[in-house]
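Residue numbers (my numbering): 7 to 154.
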């Protein structure tokens, strides 16, 4: 049975929880990655082109595999936030930088995070990531309407 995640400081906003999540991924710290997740059987994680992982044990195994080579050179390029009551949704554009024989390359990932406010602070319920492209840097949305 995996070790319980370490106790973390109370995360008082979804942004704090997200920042802890990305810092843990950059450091390759599996315990810290798991510490931001809600303690709920219905949590879910989907890595780009991966299967749906349900529950703490499956998610931990997924991140263990992802981080076996160390931390990720990953950063948030853009984020859109929606907070309604005790829930929040963040739409994130991630930039993953990787070293290749041709030099540093960027891979883009589109992620959605769902957070919930618990007595222990804001926690992650869902992380769903999909492969992106350079075109993902530009957003497509409705044009503002004008009244004539």
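Backbone N, C-alpha and C fix where the C-beta goes; we use that ideal spot for every residue, glycine too. Since the structure is predicted, the reported quantities are computational estimates derived from the model, not experimental observations.
Counting C-beta pairs closer than 8 Å gives three or more between the segment 128-136 and the segment 48-68, which meets the contact rule. Residue environment: residue 41 is assigned as buried (16 or more neighbouring CB atoms within 10 Å of its CB, all protein chains considered). Here DSSP, grouped into helix, strand and coil, assigns residue 68 to helix. Closest option to residue 34, judged by alpha-carbon separation, among 73, 44, 58: 73. Setting aside the 5 residues that flank it on each side, residue 43 is surrounded in the same chain by 49, 62, 65, 129, 130, each with a C-beta closer than 7 Å to its C-beta; the list follows chain order. Annotation: residue 73 is outside any alpha helix (DSSP H) and is labelled neither H nor E by DSSP. Residue pairing by DSSP puts residue 84 in a beta bridge opposite 99. Annotated as proximal: residue 31 and residue 80, with beta-carbon spacing under 8 Å.
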